[in-house]
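Residue numbers (full-length UniProt numbering): 1 to 436. I have placed the structure first, in the form of structure tokens, so that the comments after it can refer back to it.
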Amino acid sequence: MKDLTPPKNTLDPIEIASRDEIAALQLERMKWSLRHAYDNVPFYKNSFDAAGVHPDDLQDLSDLAKFPFTVKTDLRDNYPFKMFAVPREQVARIHASSGTTGQPTVVGYTKADLANWGTVVARSLRAAGLQPGDMLHNAYGYGLFTGGLGIHLGADELGLSTYPISGGMTPRQVRLIEDFKPKGITVTPSYALSILDEFAVQGLDPRDSSLEVGIFGAEPWTNAMRREIEQAFDMHAVDIYGLSEVMGPGVSMECVESKDGLHIWEDHFYPEIINPETGEPVAEGERGELVFTSLTKEAFPIIRYRTRDLTRLLPGTARTMRRMEKVTGRSDDMIILRGVNVFPTQIEEALMATEGLAPHFQIELSRPDRMDQMRVLCECADASVIGDVREGAAKALSARIKQTVGISVKVEVTDVGGVARSEGKAVRIVDNRPKS
Ligand code: DLL
């Protein structure tokens, strides 16, 4: 793999500013953001008033802990536009999350917000090793989802040659990689695996492709998966994180030269980690739930938003801005199986370490009697894995899960193609337990 480290003089100065400089900027911006939310969004006025706090109470960054949290249902309750802090005419773009539970979450951006979003995504793409003039295959979905258009904004800002292929039509994805010869690909890690399979179907070796870096996010993925993808494509694989409520992709980004967690673009997004049960800030470096406060957003300021993503904060390395550890799961995706907490990424790790199996999987939960059961559905690596070999692989995976996670699961290994594929975010859990 080529060294893609961006030259220092191409970084935004704030990326490598001193901590004092970053903190001073954050404080100034946080004061503005709290005031802006309080003055223009009735929801924030009511919630601050109810908690007995006022924007003037923020004298120091740590004072933020006095302010109330915002949660997903607050956004749903204010559907569609009541969280906007500017007149609707000034909202230049609206995105929405699909919302598995019905009501979508709607977010908005002014022109200035879009410019800032472009800045942080451009920064992220540069941190991945892309430079002006490079070509990008953007396979995140275009539409209400922030992935496609968000990446596109930053790619334009950085000066890339971007083609908006979006997700789907997998044979065409491979065809254009072969014909256009992009340097970078932006895509969910699960869909990258489908593209990888398609290379094999077309009799092509992905290691011979032009790709030098893949920028993967929108869903959890493990370091084991990173190794698999890097090896299969002979390219770097880096992690990009974000969520619509805070902006979209580009809230934080892993640098290609360090690959040691994701630098949070702290001049726009202020992170905290709290204990998900008590809501109290945790000690520095401890794991917990990630909470974000926007520092510059005009249309949709967000104060102390509980992301439900679990991670911890670490000091900066390749940049001065703090890092967050790779998100291994959301509290929503945590399965409690007979008293043991399990995340799909733990299953992914065990799967990747088992010979003879492909990296596609789905978890099925059921309750045949009073006890919950988990079945892991996965695929054999190729058609030669049959009979005893296949049975052996299933047993090996089940044993590894028992050993590393501490639960007994049934493993079913299907033929190649037996696990449902996604063209965007993978559906990892199918819950067939009766609703109580
Ligand atoms: O997924 C934004 C995005 C698009 C990020 C493309 C990266 C690339 P939402 O649809 O609002 O936004 O979903 C946000 O997805 O709270 C996490 O649970 C999860 N997520 C996003 N990035 C990562 C990542 C986009 N790198 C939710 N690792 C977040 C793990 C991620 N989980």
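Built from N, CA and C at the ideal position, the CB exists for glycine as well.
Item, Value
"With three or more C-beta pairs closer than 8 angstroms as the rule, is the segment 352-371 touching the segment 387-403?", "yes"
"Spatial neighbours of P301 within its chain, please: CB distance less than 6 angstroms, with the 5 preceding and 5 following residues excluded, ordered by chain position.", "S33, H36, A37, A85, S294"
"Please return the same chain residues whose Cβ sits closer than 7 angstroms to the Cβ of A122, not counting the five positions on each side in sequence.", "G154, E157, L158"
"Does DSSP put E228 in a helix, in a strand, or in coil?", "helix"
"Round the Cβ separation of F81 and V106 to the nearest angstrom and send it over; I've been treating them as touching at under 8 angstroms.", "7 angstroms"
"Which one of D20, P189, E198, D197 has the shortest CA to CA distance from A224?", "P189"
"Using 8 angstroms for Cβ pairs, my map puts V411 next to C378. What's the rounded Cβ distance?", "7 angstroms"
"When you measure from the CB of L243 to every non-hydrogen atom of the ligand FMN, does any distance come out below 7 angstroms?", "Ligands displayed in this structure: the ligand DLL; the ligand FMN is not among them."
"Whole alpha helix (DSSP H) runs in the segment 307-344 with 4 or more residues, listed along the chain?", "none"
"Is it the case that the Cβ atoms of H54 and L193 are separated by a distance below 8 angstroms?", "no"
"Thinking C-beta only, is G141 closer than 8 angstroms to G150?", "no"
"Need the endpoints of the alpha helix (DSSP H) that S33 sits in, please.", "19-40"
"Once DSSP output is grouped into helix, strand and coil, what is the label at G288?", "strand"
"Quick check: the Cα distance between T328 and T311, rounded to an integer number of angstroms?", "7 angstroms"
"Report yes if the CB atom of I240 is closer than 8 angstroms to the CB atom of R322, and no otherwise.", "no"
"When we look at the beta-carbon of E284 and count the other beta-carbons within 10 Å, is it buried (16 or more) or exposed?", "exposed"
"Could you check whether I195 and T222 sit closer than 8 angstroms to each other, using their CB atoms as the reference points?", "no"
"Please state the DSSP three-state secondary structure of Y44.", "helix"
"Under 7 angstroms from any heavy atom of the ligand DLL, does the C-beta of R330 make it?", "yes"
"Could you tell me the boundaries of the alpha helix (DSSP H) in which Q362 lies?", "Premise fails: Q362 lies in the beta strand (DSSP E), 357-366, not in any alpha helix (DSSP H)."
"Excluding the 5 residues preceding and the 5 following A65 in the sequence, name in chain order all residues of the same chain whose CB lies nearer than 6 angstroms to its CB.", "P281"
"Buried or exposed for R226, please, with buried defined as at least 16 other CB atoms from any protein chain shown within 10 angstroms of its CB.", "buried"
"Any heavy atom of the ligand DLL closer than 7 angstroms to the Cβ of G147?", "yes"
"So what's G406 in DSSP terms, helix, strand or just coil?", "coil"
"Apart from the five residues on each side of it in sequence, which residues of its chain come closer than 7 angstroms, Cβ to Cβ, to R29?", "L295, T296"
"Report back the beta-carbon spacing between A299 and T110 to the nearest angstrom; my notes put them in contact at under 8 angstroms.", "5 angstroms"
"Hey, would you say the C-beta of A237 is under 7 angstroms away from at least one heavy atom of the ligand DLL?", "no"
"Around the Cβ of T119, are there at least 16 other Cβ atoms within 10 angstroms (buried) or fewer (exposed)?", "buried"
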